[in-house]
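Okay, structure first, notes after.
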Amino acid sequence: MYQEVILDHYKHPHGRGLRDGDAEVHHVNPTCGDEITLRVKYDGDRIADISYEGQGCSISQASASVLNELLVGKELEDAQKIQAAFLELMQSKGKLEPDDAMEEILEDAVAFAGVSKYPARVKCALLSWMAWKDATAQALGESERKTA
Amino acid sequence: MYQEVILDHYKHPHGRGLRDGDAEVHHVNPTCGDEITLRVKYDGDRIADISYEGQGCSISQASASVLNELLVGKELEDAQKIQAAFLELMQSKGKLEPDDAMEEILEDAVAFAGVSKYPARVKCALLSWMAWKDATAQALGESERKTA
Amino acid sequence: MTTLPGLLTASDYNVEAIRKDFPLLDRVVHDGKKIVYLDNAATSQKPRQVLDALTEYYEQHNANVHRGVHVLAEEATALYEGARDKVAAFINAPSRDEVIFTKNASESLNLVANMLGWADEPYRVDRETEIVITEMEHHSNIVPWQLLSQRTGAKLKWFGITDDGRLDLSNIEEIITEKTKIVSFTLVSNIMGTINPVEAIIRRAQQVGALVCIDASQAAPHMVLDVQALQADFVAFTGHKMVGPTGIGVLWGRQELLEDLPPFLGGGEMIETVSMHSSTYAPAPHKFEAGTPPIAQAVGLGAAVDYLSAIGMDKIEAHEHAITAYAMKRLGEIPDLRFIGPDTAENRAATISFTLGDIHPHDVGQVLDEQGIAVRVGHHCARPVCLRYGIPATTRASFYLYSTPGEVDALVDGLEHVRNFFG
Amino acid sequence: MTTLPGLLTASDYNVEAIRKDFPLLDRVVHDGKKIVYLDNAATSQKPRQVLDALTEYYEQHNANVHRGVHVLAEEATALYEGARDKVAAFINAPSRDEVIFTKNASESLNLVANMLGWADEPYRVDRETEIVITEMEHHSNIVPWQLLSQRTGAKLKWFGITDDGRLDLSNIEEIITEKTKIVSFTLVSNIMGTINPVEAIIRRAQQVGALVCIDASQAAPHMVLDVQALQADFVAFTGHKMVGPTGIGVLWGRQELLEDLPPFLGGGEMIETVSMHSSTYAPAPHKFEAGTPPIAQAVGLGAAVDYLSAIGMDKIEAHEHAITAYAMKRLGEIPDLRFIGPDTAENRAATISFTLGDIHPHDVGQVLDEQGIAVRVGHHCARPVCLRYGIPATTRASFYLYSTPGEVDALVDGLEHVRNFFG
Ligand SMILES: Cc1ncc(COP(=O)(O)O)c(C=O)c1O
Ligand SMILES: Cc1ncc(COP(=O)(O)O)c(C=O)c1O
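Read top to bottom, the protein sequences are chains C, Y, G and W.
Each step along the first sequence adds one to the number in the numbering used here, with nothing skipped, and position 127 is 1299.
Each step along the second sequence adds one to the number in the numbering used here, with nothing skipped, and position 25 is 1197.
Each step along the third sequence adds one to the number in the numbering used here, with nothing skipped, and position 37 is 72.
Each step along the fourth sequence adds one to the number in the numbering used here, with nothing skipped, and position 103 is 138.
Set out below in structure tokens:
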């Protein structure tokens, strides 16, 4: 499961640190103590920034880095498509072989395909993505329920 | 376990019915609903009467009848010896082969030897004996604890 | 015996093949008598498939659940949670997260009582409110409510029983009122076999906004159980009566309720995060599963529902109904035999209580046992029913998917012997 | 490796023969790697002898207990109550009636908390009184007391932990006061392995007349447990950590207390007599065992204590101590490895937590798992300890009677690999 790409993101995370944002959320993975504080900044429907700080395993750290890399600069609608694809991949229990179309959407995030075989780690990979979803809902004033 | 003697006592109980007494107790075997109300009458240290009324299985009924037959007319000290011997027999889990000495003390009550193999029935056989012990304690003003 | 009315033919329901799955049914007692096991309402026997699932779990996958990244922990978790999926499907639960594993039905029922005792409004049971049960409940659906009533001041009320062993609902409007917070009753009586009219009770409870808890301990093993069709709020049952292991029970509850109601037992597994000052709780079902759960036993229960489903609950029900009808007919022919409970096979399950003249049930049971026939005698943890009928105890024969007409015949012959013995 | 200091020789303690009793230890994972099972503090593996006892129970004797006159019911009752005798002897209980079977240690601890919450004076916990625990408790010995404190208004206090993983008793007179009703603490920490000084705490508790509850979940499997020598009032532990089945726990309590304290769960088995209006309760232990108990699991636990006793708890303790000392030495040589807890083998059990540089424990555990080594990572249901040391989680290796020096070596090699991988 430890693809080179994942280790790279882990060792050299993108966009780490807390910067100005429209909303801030704090998510915890109670089973392992992974934590993330994440802020989103929107410029209309465009994601201007995703900044974060947290502690956790290589998977959760790398995943937050990939999230930042993939989503910052995107329109909300596109970001949601990416998020949906990532969620699908992570819930596939290792049974989904990423094809070219998926790779186009998910880019570096396809490296997490192997993680989906490990139920205990799926939550690590999803932590920052769930936090982003939650923060977005808050920032844009929706009242979605927290899906920790 | 159903010795002839037991069936006889069951069908033709001795001294059944409630008569005048110095103390009355009511004992219940909660696992099967056997119940007995028992009165003792003392004449000094001599057991003048044991009267009882109850519902229950052949074992508990026959045992009360045997109790009455054996103990009425006895001195308390002798009665306690008989009671102790009966208790020992009933707790023997079928491993005690009544000898002549025991038979001399217990008379008809040795027929209950077979019952001691059946843990669920031992309580039935002991119900009236425990009630007698309790009633005696009350009648003679002792403060023994109930041993239901 | 294959001409028994209603009995499925061997091609539809091969009872001899089923019996071969149950090692205990070959047990020989009292010098060579093959056991005739008619104590299924107390507990059922276990098929090889369930025992194998237990052994395989312990030999190949045993680990603690939910907390590990190693392969055994993941396998054990998948098996445990997989059992939850199976049970959810078995009772047609809308969501797997509505299935809580407990140690037995008694814990499930205590869990409901305690949730409500500690709940906030609108669920809170307190001195202004009322609890409704029935006179035909198992002690496990009486005592938790008595305790709750004592500890909260709520008033405990109950439905009585008619002479023929049915719930007396004639005063339903006085029993279930605007003050009623919870109505808890058994779907099938464990002493009389009565199948209770769920709909009438639920309708009234819904009118007044009371929650409904159904004790399905004697139903889940024997009939199709569909919690959505039942429309109750909670449904409790127990593994050991449905060919599963001891040590496992289930509480199903509606999701919104499980979200809103407070936890009962505290500890590992049921928390989200703990500090010395305060804790937050995991979402249901974990909120209600404190400590290491009965992992192997849940896996065993999963194998049990697989086993029952493969045969088909509808077929099991039909088989038992035919056996019951036959047993009622043959038992009814015995002089002095008095049924305690409905005297027809309609709306009743395969549990038959009776008295035999004035021979005490203990004696009936003992003499049957000497012939290798295992029935239960006593108050069957439903003493109020005995009080109601003015009897100290009953003899109870209860059948299951592996029972045969031949076993009914053995019982009838055995009872003849009892009558002669004490006659 | 036979020259390890303190390791018993094969004639005294044949670890290879012991390993053969445990089928799971032959399990092969991840393409041919034989499992190295170092997650014993979470749960232990089970010997063939225990699995056989379970199977034999179900195949030969299965029936419900305490209520029947038939031969199976009598056999099942004798086996179940026989298990109680075995457990009583194992912990040197003055009376078998002081041994209550629960589903796990968590239920045992909740039982104590709830008994006291519903008790009359002098035991009653209420807003005038205080509860004392420690910062190194398992969540199962924290949350029940937090709930009790919230629900009664009693104040919850606790002992802190020193930098080297010991209880800080320096302020014992301020923590345990005249207001203290109950002191509940763990004999052995499940995260740090610390063995706590029982005597000092008991002495102070006795001075002020507080009850003492000991969580022996991590002690009962590993050392001689003598409840009379401990002088506590309650002792809780759990079957699955001591080579027994899941689904069974124990609460030992002093007889007078069990007589005086109120029941917790209500239902069948725990009653003396029931009417719709009120019920009376059976004497202990049955008063606290509502519903069909975990019968097979109790029988399995009986077989487990037989198994452990046949080897000898003193020998198991000595074996584990030698393994622990060796592991501490070898792990201590790894750069960046920091022990969380005592850094010597004295007064500590065979459970070792550590961090490895800034590699997250999840990653440590995963890479070890790929090599077939099963350790636990996380907060081990003792999150306050992680908070105390400012870490999110630890990696924990825990040994048992079947652990070998070779498994310690495998762990050390595995950790080297982890360091290189993330280095
Ligand atoms: C110290 C301690 N206490 C209590 C428990 C709870 O035991 P169980 O999960 O079996 O209820 C555990 C183990 O999980 C433990 O290690
Ligand atoms: C109707 C009913 N409810 C509840 C129970 C309690 O089940 P358990 O003893 O498994 O808790 C039983 C069986 O004993 C029962 O028959």
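From the three backbone atoms N, C-alpha and C, an ideal C-beta is built for every residue, glycine too.
Below-7 Å beta-carbon distance, residue i vs any chain G residue
i	result
S1230 (chain Y)	yes
P1160 (chain C)	Coverage of chain C is limited to positions 1173 through 1320, which leaves residue 1160 (chain C) absent and any answer about it impossible.
G449 (chain W)	no
Q1255 (chain Y)	no
L107 (chain W)	yes
Reduced DSSP secondary structure (H/G/I, E/B, other) of residue i
i	result
V167 (chain G)	strand
S1288 (chain Y)	helix
H1199 (chain C)	strand
S1300 (chain Y)	helix
F57 (chain G)	coil
E368 (chain G)	coil
D66 (chain W)	coil
Q1227 (chain Y)	strand
R431 (chain G)	strand
M158 (chain G)	Reading off the sequence, residue 158 (chain G) comes out as Tyr, not Met. In this structure, Y158 (chain G) counts as coil in the three-state DSSP scheme.
V100 (chain W)	coil
G347 (chain W)	coil
L202 (chain W)	strand
Residues near residue i in its chain [Cβ-Cβ closer than 7 Å; skip 5 each side]
i	result
Y48 (chain W)	K350, H354
A1273 (chain C)	none
S344 (chain G)	F125
V340 (chain G)	K121, V122, F125
G1139 (chain Y)	Missing from the structure shown is residue 1139 (chain Y); chain Y here goes from 1173 to 1320 and no further.
Whether residue i touches residue j by CB criterion (7 Å)
i	j	result
N139 (chain G)	T327 (chain W)	yes
T429 (chain W)	T386 (chain W)	no
Y342 (chain G)	P440 (chain G)	no
V106 (chain W)	A123 (chain W)	no
T215 (chain W)	E172 (chain W)	no
S1237 (chain C)	H1186 (chain C)	yes
G335 (chain G)	A88 (chain G)	yes
K192 (chain G)	E165 (chain G)	yes
M311 (chain G)	A325 (chain G)	no
S1288 (chain C)	G1266 (chain C)	yes
T229 (chain G)	R383 (chain G)	yes
I1219 (chain C)	V1197 (chain C)	no
K81 (chain G)	Y93 (chain W)	yes
Q266 (chain G)	I236 (chain G)	no
G413 (chain W)	R102 (chain G)	yes
Any chain Y beta carbon closer than 7 Å to residue i
i	result
M36 (chain W)	At M36 (chain W), the pLDDT of 48 sits below 50, so the modelled position is not reliable and the matter cannot be decided from this model.
D132 (chain G)	no
Short CB-CB distance (under 7 Å) between residue i and chain W
i	result
P1202 (chain Y)	yes
G1205 (chain C)	yes
P82 (chain G)	no
T112 (chain G)	no
Q242 (chain G)	no
M311 (chain G)	yes
Chain-order list of residues whose beta-carbon lies under 6 Å from that of residue i (same chain, five-residue window excluded)
i	result
Y115 (chain G)	V100, I330, A333
D250 (chain G)	N176, T221, A271
Q95 (chain G)	none
T1308 (chain Y)	V1212
Neighbour flag for residue i against chain C, beta carbons, 7 Å
i	result
G413 (chain W)	yes
Contact between the region 287-306 of chain W and the region 49-61 of chain W: three or more CB pairs below 8 Å?
-> No, the region 287-306 of chain W does not touch the region 49-61 of chain W.
Contact the region 56-75 of chain W vs the region 245-261 of chain G: 3+ CB pairs below 8 Å | Touching, no.
Stretch pair the region 1173-1182 of chain C + the region 1208-1217 of chain C: three plus CB contacts closer than 8 Å = Taking 8 Å as the limit for Cβ pairs, the verdict is that the region 1208-1217 of chain C does not touch the region 1173-1182 of chain C.
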